[in-house]
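Numbered according to our numbering, the sequence shown spans residues 14 to 486.
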Amino acid sequence: MSDFVEPSAYFDEFDIDEFPGYAGRRRKAAFTLTMLWGSTLLLHLVSWGSWLVWGMTLVLSTHAVRLLFARPGAAPALMPSVQPTSTVTVPSQTSTVDKETWAAWPYVSVLVAAKNEESVITKLVDALCNLDYPTCRYDLWIIDDNSSDRTPQVLNRLIQEYPQLHVVRRPAGATGGKSGALNEVWPNTQGDLIAVFDADAQVPADLLRRVVPYFAQESVGAVQVRKAIANAGANFWTRGQQAEMALDSYFQQQRIAVGGIGELRGNGQFVRREAIEHCGGWNEETITDDLDLTMRLHLNGWDIQFCLHPAVREEGVTQAVALWHQRNRWAEGGYQRYLDYWRLIAQNRMTPSKSFDLFVFWLMQYGLPTVALPDLLLALARNRVPVFAPLTSLAFSLSMLGMFAGIRRTQQQAMWPSLVQTLRGFVYMFHWLLVISAMAMRLSVRQKRLRWVKTTHLGLEDDLPIDISGEMP
């Protein structure tokens, strides 16, 4: 097992004085907001402002066409099954002969940070301890982060049932949130690969056999498994989240196919041990550990791949208020990584194609929503069309086409139902405009307090079977 590397060890190579303190986020956020709003005003006042926007639209349209017509690479071959129906069985107490048989298979350490998860933890542990993978080649670590419900009692029972289950208790006052919980455990594991799941994850039995082969390519530092919503049929919000997941999975594959960046999504992420050591572990100064690690991996020269099938299902939030809080955290964490690592990005620590891809999606995801309100107000005041209308139209069109293609790719349904789901999902996605604009203003005036803000899991799901793709039929 490799020695643990302190978080600052590798970032010292970049000569950044404030790493890993991540100081000045509010100042940098205020400066960015001022520049975006000031540029919007300038473009409205100068005669060539609209022409500049049209020029940017033309350049980005070319990139959009490349994205839409890119062909994602084929998934690697599935590893053979080790279930009792195969020639060799792998019981919980694996024999010496069996251990020698499976010695070439990468060892996987599965980590789950859990806090007050009594409603879902039993189902998760049962699934993860019965994966179709040699039991001598993987183990499961549950980090109980000072739960106040019956989670500790449930885990005490489960640890007697499953020899490969390890439980680590964190005391009250432990810092670092989910990142701190993961950092406390992963240095003590022996996995060649570190897998991370949320407590509400529903994991297909063959997942490891499908994901592990991606790491045969030495440049791959991590793999993200597609996520799907377990209770997608509950209401408008969960159906919207299902369409949102389809959109995300589509652009993940397309961006990787054109040399852009793949991104981690927390639940269902696999990281090569060497890569996480290179990055110094998970960053405890962020509220979105997955998005921050995405940036660190790419800046350190690693690639992230995406596994389309099967999906890891998770519980979608069912109320608008809960959705607002969850998406605000996601948006702020995603925005913070640009503020934290902007100098390393500007130094082109990644490949040119990755840097350009990162800029395009920053513009689409954060830049345009942030300038939407001042652009609209200035347009109304001057009785003109918003200056960013061409770019906004491109972003909307690309999102709709991507969502439709993603739904067709992941759900295997007819065209008209896919179109209806796309239109509903497109309406749902408008909440991001409010989330991003509000977040950008709030972050400029108020520093975020770093703490673990988790979504409450109730064990909700649709009463439908799961097919091989991990989607509802």
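Just so you know, even glycine gets a beta-carbon here, dropped at the ideal spot from N, CA and C. Since this is a predicted model, take the numbers as computed values, not measurements.
Same chain only: Cβ atoms within 7 Å of residue i, ignoring 5 sequence neighbours per side
{"i": "glycine 193", "result": "Ala187 and Glu297"}
{"i": "arginine 286", "result": "Ser15, Gly204, Asp205, Leu206 and Ile207"}
{"i": "threonine 251", "result": "Ile242, Asn244, Ala245, Gly329 and Thr331"}
{"i": "methionine 92", "result": "Arg222, Val225 and Pro226"}
{"i": "alanine 333", "result": "Trp250"}
Beta-carbon proximity list for residue i, same chain, < 8 Å, skipping 5 on both sides
{"i": "alanine 288", "result": "Gly234, Ala235, Leu310, Asn313 and Trp315"}
{"i": "valine 110", "result": "Because the pLDDT at valine 110 is just 49, under 50, the model does not fix this residue reliably, and the value given afterwards should be weighed accordingly. Cβ neighbours of valine 110 beyond the five flanking positions: none."}
{"i": "alanine 392", "result": "His57, Val398, Pro399 and Val400"}
{"i": "leucine 381", "result": "Phe401, Leu404, Thr405 and Ala408"}
{"i": "leucine 432", "result": "Phe417"}
{"i": "leucine 376", "result": "Leu73 and Leu404"}
{"i": "alanine 359", "result": "none"}
{"i": "serine 366", "result": "Val271, Gly272 and Gly273"}
{"i": "valine 458", "result": "Arg39 and Ala43"}
Inter-residue CB distance, residue i and residue j (contact presumed, cutoff 8 Å)
{"i": "alanine 214", "j": "glycine 275", "result": "The Cβ separation is near 19 Å, so there is no contact."}
{"i": "valine 121", "j": "arginine 150", "result": "7 Å"}
{"i": "valine 325", "j": "valine 216", "result": "6 Å"}
{"i": "valine 138", "j": "leucine 195", "result": "That belief does not hold up - the Cβ atoms of valine 138 and leucine 195 are roughly 18 Å apart, past 8 Å."}
{"i": "proline 89", "j": "tyrosine 175", "result": "About 29 Å; that fails the 8 Å criterion."}
{"i": "valine 180", "j": "isoleucine 155", "result": "5 Å"}
{"i": "proline 317", "j": "leucine 277", "result": "In the sequence as presented, proline is not what sits at residue 317; that position holds isoleucine. The pair is a contact, with the Cβ atoms about 6 Å apart (cut-off 8 Å)."}
{"i": "arginine 437", "j": "alanine 256", "result": "7 Å"}
{"i": "aspartate 158", "j": "proline 165", "result": "About 11 Å separates the two Cβ atoms, so there is no contact after all."}
{"i": "alanine 140", "j": "alanine 212", "result": "Between alanine 212 and alanine 140 the Cβ distance is about 12 Å, and since that is not below 8 Å, they are no contact."}
{"i": "aspartate 219", "j": "proline 323", "result": "7 Å"}
DSSP bridge partner residues for residue i (one or two, in chain order)
{"i": "lysine 41", "result": "Answer is none; lysine 41 lacks a bridge partner."}
{"i": "alanine 208", "result": "Val123 and Phe283"}
{"i": "glutamine 237", "result": "Gln282 and Phe319"}
{"i": "glutamine 215", "result": "Arg326"}
{"i": "isoleucine 242", "result": "Glu327"}
Contact set for residue i: own chain, Cβ-Cβ below 6 Å, skip 5 residues either direction
{"i": "leucine 321", "result": "Arg239"}
{"i": "methionine 308", "result": "Arg350 and Tyr354"}
{"i": "glycine 419", "result": "Ala259, Leu260, Ser262 and Tyr263"}
{"i": "alanine 451", "result": "none"}
{"i": "glycine 62", "result": "Leu56 and Val400"}
{"i": "aspartate 302", "result": "Lys191, Ser192 and Trp295"}
{"i": "threonine 364", "result": "none"}
{"i": "tryptophan 50", "result": "Pro387"}
{"i": "glycine 189", "result": "Glu297"}
{"i": "glycine 347", "result": "Leu304"}
{"i": "arginine 421", "result": "Ser431"}
Cβ neighbour criterion (16 or more within 10 Å) applied to residue i
{"i": "leucine 153", "result": "buried"}
{"i": "arginine 170", "result": "exposed"}
{"i": "glutamine 254", "result": "buried"}
{"i": "valine 72", "result": "exposed"}
{"i": "glycine 293", "result": "buried"}
{"i": "threonine 75", "result": "exposed"}
{"i": "arginine 395", "result": "exposed"}
{"i": "leucine 295", "result": "It should be noted that the sequence gives tryptophan, not leucine, for residue 295. Buried."}
{"i": "asparagine 507", "result": "Nothing about residue 507 can be reported from this structure: the residues present for the chain run from 14 to 486 only."}
{"i": "alanine 117", "result": "exposed"}
{"i": "asparagine 248", "result": "exposed"}
{"i": "glutamine 230", "result": "exposed"}
{"i": "phenylalanine 210", "result": "buried"}
{"i": "threonine 383", "result": "buried"}
{"i": "phenylalanine 319", "result": "buried"}
{"i": "alanine 453", "result": "buried"}
{"i": "glutamate 113", "result": "exposed"}
{"i": "leucine 81", "result": "exposed"}
{"i": "serine 160", "result": "buried"}
{"i": "glutamine 434", "result": "buried"}
{"i": "phenylalanine 443", "result": "exposed"}
{"i": "glutamine 343", "result": "The residue you asked about is not glutamine; residue 343 is tryptophan in the sequence shown. Label assigned to tryptophan 343: buried."}
{"i": "glutamine 267", "result": "buried"}
{"i": "valine 198", "result": "buried"}
{"i": "threonine 53", "result": "buried"}
{"i": "glycine 415", "result": "buried"}
CB contact check: residue i to chain D, cutoff 7 Å
{"i": "valine 224", "result": "Given the protein chain composition of this structure (a single chain), no chain D is represented."}
Can you check the region 317 to 385 for any alpha helix (DSSP H) of at least 4 residues that lies completely inside it and give the ranges in chain order?
333 to 359 and 365 to 375
Whole beta strand (DSSP E) elements within the region 114 to 184, 3-residue minimum
121 to 127, 151 to 158 and 178 to 183
Identify every run of the beta strand (DSSP E) within the region 271 to 306, keeping only runs that are complete inside it and at least 3 residues long; order them along the chain.
282 to 285
Quick check for students: name the residue ranges of the alpha helix (DSSP H) that lie wholly in the region 53 to 98, counting only runs of 4 or more.
62 to 82
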